[in-house]
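If you read the protein sequences in the order shown, they are chains G and S.
Residues in the first sequence are numbered from 6 upward in steps of one, following the numbering used here.
Residues in the second sequence are numbered from 252 upward in steps of one, following the numbering used here.
One structure is given below, encoded as structure tokens.
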Amino acid sequence: MNRNPKIKVDGKTLGDFSTSLNRRWFMRDCGVGLGGIALNQLLGTSGANASTASNLLAPRSPAKKATAKRVIFLFMGGAPSHIDLFENKPTLAKLDGTKPPAELLEGYRSAFINPNNKLLGPKFPFKRYGESGMEMAEILPHLGSVCDDITLIKSMKTDAFNHAPAQILMSTGSQQFGRPSLGSWATYALGSETENLPAFVVLSSGLKGPSGGSANFGSGFLPSVYQGVPFNSVGDPVLFLSNPEGIDRTSQRAAIDAINALNQKRFDSVADPEIQTRINSFEMAYRMQDVAPEVTDITRESAETMELYGAKPGTPSFANNCLLARRLIERGVRFVELFHESWDQHGNLVKDLKKNCLATDQACAALITDLKQRGLLDDTLIVWGGEFGRTPMVQGGSDGRDHHSNAFTMWMAGGGAKGGHVHGTTDELGFNAVENPVHVHDLNATILHMLGFDHEKLTFRSQGRDFRLTDVHGNVVQEILA
Amino acid sequence: MITGGVLLAAFYCDAAEINFSRDVQPILSENCYACHGPDEGQREAELRLDTREGAIGALKPGDAKASELIARITAHDADDLMPPPDKKESLTAKQIAVLTEWINQGAEWGTHWAFDPPVRPKVPQVDEDQPLDAFVVAKLKEHDLDFSPESSPEKLLRRAALDLTGLPPTLEQLDAFLSDKSPDAYGKAVDRLLASPHYGERWARWWLDAARYADSNGYEKDSVRFVWPYRDWVIDAFNANLPYDQFVIKQLGGDLLENATLSDKVATGFLRNSMVNEEGAIDAEQFRIEGIFDRMDAIGKSMLGLTMQCAQCHTHKYDPIQHEEYYGMFAYLNNAHEATVPYFTKSEGAEIVGIKKDLMAIRGEVKAAKPGWDKSLLNWIVEEKKQVEAEPEWTVVTPAHMGDGGQKFYPQDDGSIITKGYSPGRSTEKFEITTDRKRIASLQLELLMDPYLVYGGPGRSIDGTVAISEVKLLMGKDASKLEAVAFEPTVADFESEKRPTDMTKYPIKGDKPDDRTEGPIAFINDGDVKTAWTSEEGSGRNNQPRLVVMNLKEPIENPNGETLHLQFEVHCQHGGWNSNANEFRNMGRFRFSLSDDQYADVKPLSPKIREIVEKDRAAWSEEEAGAVLDAWIAEESGLQDFAQKMEEAWDRYPDPTPQLVLQEMDGEGRVTRLYERGEQTHPKQDVRPHVPEFLNDLPEGADPESRLTFAKWLADREAPTTARAFVNRVWQAIFGSGIVESVEDLGHQSTPPSHQQLLDWLAVEFMESGWDVKALQRLIVTSGTYRQNSTVRDSLVELDPTNRLLARGPRFRPDAEVVRDIQLTASGLLDRTVGGDSVRPPIPRFLFDPPVSYGTKAWDEDKAPENRYRRALYTFRFRTVPPPFLSAFDAPSGEVSCVRRPRSTTPLQALALLNEPLSVEAAVALAKSIETGGELESGLTEAFRQCTSRTPDDDELDVLVALFEKEKSAGADPYLAVARVLLNLDETITKS
């Protein structure tokens, strides 16, 4: 039977679409009124019906025009201080040491501190960068140097002020666990452009792992082929990638040949198409064993590139992960998410922000520069940010800030985001997003839009209803689109 | 889910007679209810199409052409067209035809099929012995299909063994079955499988998905919890064939049963499998409510078969669950403590009985050795009471917590303070108050019990205890210039001898020598935070209130009643370094009091004994009388040898396992309020416990507001969805998909049932059998439907690729745990011990360390085969770092209730099967058995049978032998090579 029927949606070909289901059945029952059938129905998967990795991950073109084909999400776990990095607020500096205005605190919920703690001015001098004159702290010189390529969103806001719930909200559009993550929605929508690597790869650096754990990159009720696969920065890049002791590559090939030969024999007698999927999965695994070590071997990069990122082979770092992210997307990985959980500055604000900027600023800028040089920035979206912001009020003596959900800053580069653009503002204390506020749902809607999907139409049926990343919320932020 | 639905809808529309519930309502629900459904808040044009009364205005029964409904769904003008063109929904020509035909046939209305209690349908008249098969065959005949031939005996036994016990048959079991030529050989084999202790393990794991079981708390800290007693309760329940109604009732209300046993209480662990957020500075109430939302979700998916989450925020858009009714059910769950009970295994329970006997015996010896003991005892009591009466008068003070360490402190009506939220391993907490007292001569610190604390407290440690490194009192007239107040030696009702801090429980970081000590009360204010007083008296006596009294060296004199600032500092520095690993020993519930007078320099009578001796002696329980006697023996001169013997007995007391349970609050307790949009910051009207009107009535004669009644309501014969939901899920486990594929939702939006009458028949049969789970499963696995072979016949490839019609037997890759257990069984490594603490097979260490894991997680890899090779059900599960082998095969993380796992086939699975450490160990073991199995071909044949339960044919052996020779000549281990191949076969990890 034909395993590669072409499927059309709204008149557009979705690319090669191999399926274990019978083609004629597929065309007969799903081919009717395809325009009205959501993508999930096309994918033909369910708990009952074992899904094949290959067909679920076949590359697909979106229905709408996309400006981004892939995403690198730099998740700054712990929540960076927007106040100290991006918000030059002379009023806050002036009011340093005084109590915040009472009306601002009405109904305000804080995590650790008494909301009525004194205000704390920004800790670092600010500077205007680039042609756009974008303002950032002096401790972000590298990002400043590429600011004409980024959109700074200063009016982000969210609903949660504890780490895990806020991270889950950022990653999945819900504070409740069990929903698919942005990366898994993106790969569900677009499939993968590599058969040798996972479609959605997760990298971690920093002091800790993400507070939300693997739910940050889980697939929720989507098929599990869409979940993020953590890559390790030392040892095996993918879990269980290396052959066991005593098994070399030739032996592995011989074993897989024998496995597949016996599986094929079984298929000949029981005719279950799932056996073909199993055979395919072993072939992919074998290829991945070849490709993954090569892709994670950053020593193959030139000295200039290493220097650009500040990458050092053998020493796990955010810089190495940024470089690795570029290598992954070059090879067709759809979504790469970097977690760098180091930004929870309840204390040691000055020292730790300096340290964090040293660890990340250069590599972030290098990623933009490098992608641009390679012509990849146009259709690769980079997103940078944490799960919430930090209080303009002090925590502890004079060197810490608490969690703050009313306002924070994120940035985007490439993939159809404007360059040298600042979107939204906060009040003069950096407390509330006052102009053009962007909720997490709006951000997610915008990212899906850039990938060519209407966030209201990209749905998956589960528990009797069509779920979407943005639930019942979200507006595309048109102003930041180039 | 969708695909099958599309397919079946196509089948249905061939039927001439339109059935409202089957054919019409799904169309209305899918396309109309979002705006014209149960939710009043969203209703457009005051039209509702989910009730006949609402819809009739738009219908003219018998005349579709004259019906507004048809006019609107076929309108050419975009302004008139329904659903509106800008909505996602749009009707297909087929759907319009169905609606038209329905109206022409008279627009017969009815309730959704799953909302009426099931009645036993008539069994179709076909030539089948079993009613189950009759329903299936009748449907097959509609499509000119027949059953496939029966499966081969070895494959049938393997299928049944995997379904009933989650383990493949051993070769002995296989040979015994193959040589049993009696006509009911298969039936007997099924009975043996159902009687196996492994049956309970397999179905427990299945239930634990729904129960979102995991061994850690989830969220950021994700610290270890100890809830395996609940897991074992589920295993035991299945093995004992506990009727399903009882199974439900105990898990939702076991604590409320008359004479509830420890086991009944453990059953409520189902409700406590919710995650717990221990992140710094959380609002404890917010996450308590999140926990109840989670319980509602789990009950909805697993027991009720209805999705409830929608109604958390607004009236359900598709099903008739009102917003208020959601909170009515919520209210049943709201009035309970999140308690932790001490769980003891059977042998530990026996040890405790022995210890109590020994204590009784020693008491007897005392009485024999000391004539007139009773008089001495009474005198002692009188003296103690006198001393209590002479104690200074205390004024309770409730200072406010200062600072931002992350623990949250909640003042109570009695002046005490309860600590919740994040609990650091080492804490320093400050509390302040202003007072105009004229004199302060002493300070009392009471450590109190509370049902939310482990074993009731009084501390927050994993044993419910506390260790206080230092208490300081600072005082001054100027808040910014406080000075420490000096104390006289301090007394407490309990203190232990000086001992080093337990490094294994409360480790310090690095390899510095640990110089922390703890024990005597003097340590509480000796100015040294390396020394601590602790309430720990050993497992049998840890959990009781404690009393600490500190006299001021120089009483504070404030004759003019000026405002004084007092600051209480409490240091708990004797926990471990890892705040994510239960290494804290902070105060749980406590109360400060002040007095004008000094306390006598005597040891205070313990709060527990005070409470007893205040009562009339005749009212003492045996245990209370024993406690008083023991307290006297400990202090009476001349009885020290006996006291010593008693201490030795107590020292043998086993450590309990802290099982999380739900424990009903006394009295009225909490008020439940409806949350607008589900947001806790928007509470609206009060809601009393009640159930949705469209479902069955509450059982008569029972307290309508009790959680136990709610549980019984769910498990009632009249409950329309409970039995259907369960039967459907069992069907799913065995055939790969439910009769209704959306097993979590039997409501209006559910996928159309493939065999609705069969589902109803099974549900009725199940209830009438006394909710007999094993009987249900026996019925299914002995059916002709089940016994068919699973070969995908040509005709089926096209007509029914997902096997919804069941013209063949099931064939699919079983759950992750079964895959693991197949490897362990086939290789002979499996340890078959049932129950007990979770185990830690090898998992790459880096997953448990930052920056992958948020915090460092302990993973003390089990090396001993009896732990390392236990069934996958016993693998310890961290929610944020789930076991990677199991995750690769779609095991859920336990963060939310899961009643339908996805089933994927991925290259990561291939890597796990080929290279993961336990997979390799299984291959090595199997290789060994081939090597020692005599002739190569016989060794291979036996190993092949271990893996697939079938004898290989010559071609298959040829492939293996060829590989063997190739690897041998290449100098590789040829036995390992063939063993890996066998364990990696699709057939090995497939149920067919």
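Glycine residues also receive a C-beta, built at the ideal position from the N, C-alpha and C atoms.
Using a 10 Å radius around the Cβ and a threshold of 16 neighbouring Cβ atoms, would you call residue i buried or exposed?
i, result
"S:K608", "exposed"
"S:D307", "Checking the sequence shown, residue 307 of chain S turns out to be Ile, not Asp. When all chains shown are included, S:I307 counts as exposed."
"S:V370", "exposed"
"S:N829", "buried"
"G:N121", "exposed"
"S:V800", "buried"
"S:A446", "exposed"
"S:V922", "exposed"
"S:H933", "exposed"
"S:G1222", "exposed"
Determine whether the Cβ of residue i lies closer than 7 angstroms to any Cβ atom of chain G.
i, result
"S:L1236", "yes"
"S:N1166", "yes"
"S:Q1000", "yes"
"S:E1207", "yes"
"S:K1217", "yes"
"S:R840", "no"
"S:E405", "no"
"S:L1214", "yes"
"S:R1062", "yes"
"S:E471", "yes"
"S:S1005", "no"
Mind checking whether residue i and residue j have CB atoms under 7 angstroms apart?
i, j, result
"S:T558", "S:D290", "no"
"S:N355", "S:A326", "no"
"S:R1062", "S:S1220", "no"
"S:T1131", "G:S219", "yes"
"S:G657", "S:A832", "no"
"S:A587", "S:E915", "yes"
Determine the chain G residues that contact residue i at a beta-carbon separation under 7 angstroms, and present them in chain order.
i, result
"S:V1103", "S209, G214 and P235"
Can you name the residues of chain G whose CB is closer than 9 angstroms to the CB of residue i?
i, result
"S:A1221", "D253, T255, S256 and A259"
"S:T1042", "S274, V275, A276 and D277"
Report yes or no: is there a C-beta of chain S within less than 7 angstroms of the C-beta of residue i?
i, result
"G:S219", "yes"
"G:P298", "no"
"G:P397", "no"
"G:G469", "yes"
"G:G36", "Because G:G36 carries a pLDDT of 22, less than 50, the predicted location of this residue cannot be relied on, and no value is offered for it."
Secondary structure at residue i, three-state DSSP: helix, strand or coil?
i, result
"G:Q281", "helix"
"S:I1094", "coil"
"S:E915", "strand"
"G:T177", "helix"
"G:P318", "coil"
Listing by chain order, which chain G residues have their CB less than 8 angstroms from the CB of residue i?
i, result
"S:P336", "Chain G residues near S:P336: none, gap ~12 angstroms exceeds 8 angstroms."
"S:I1246", "Because chain S here runs from 252 to 1243, residue 1246 of chain S falls outside it and cannot be looked at."
For residue i, which residues in chain S fall below 8 angstroms Cβ to Cβ?
i, result
"G:V243", "L1159 and L1162"
"G:S86", "Within chain S, no residue comes near G:S86; the closest Cβ sits about 16 angstroms away, beyond 8 angstroms."
Check the Cβ of residue i against every Cβ in chain S and list those closer than 7 angstroms, keeping chain order.
i, result
"G:E198", "Residues of chain S passing the Cβ test: none, with the nearest at roughly 16 angstroms."
Just to make sure I have the definition right: I need the residues of chain S whose C-beta is within less than 9 angstroms of the C-beta of residue i. Which are they?
i, result
"G:L246", "L1162 and N1166"
Do we get a CB-CB distance below 7 angstroms when we pair residue i with the residues of chain A?
i, result
"S:I990", "The structure shown contains no chain A; its protein chains are G and S."
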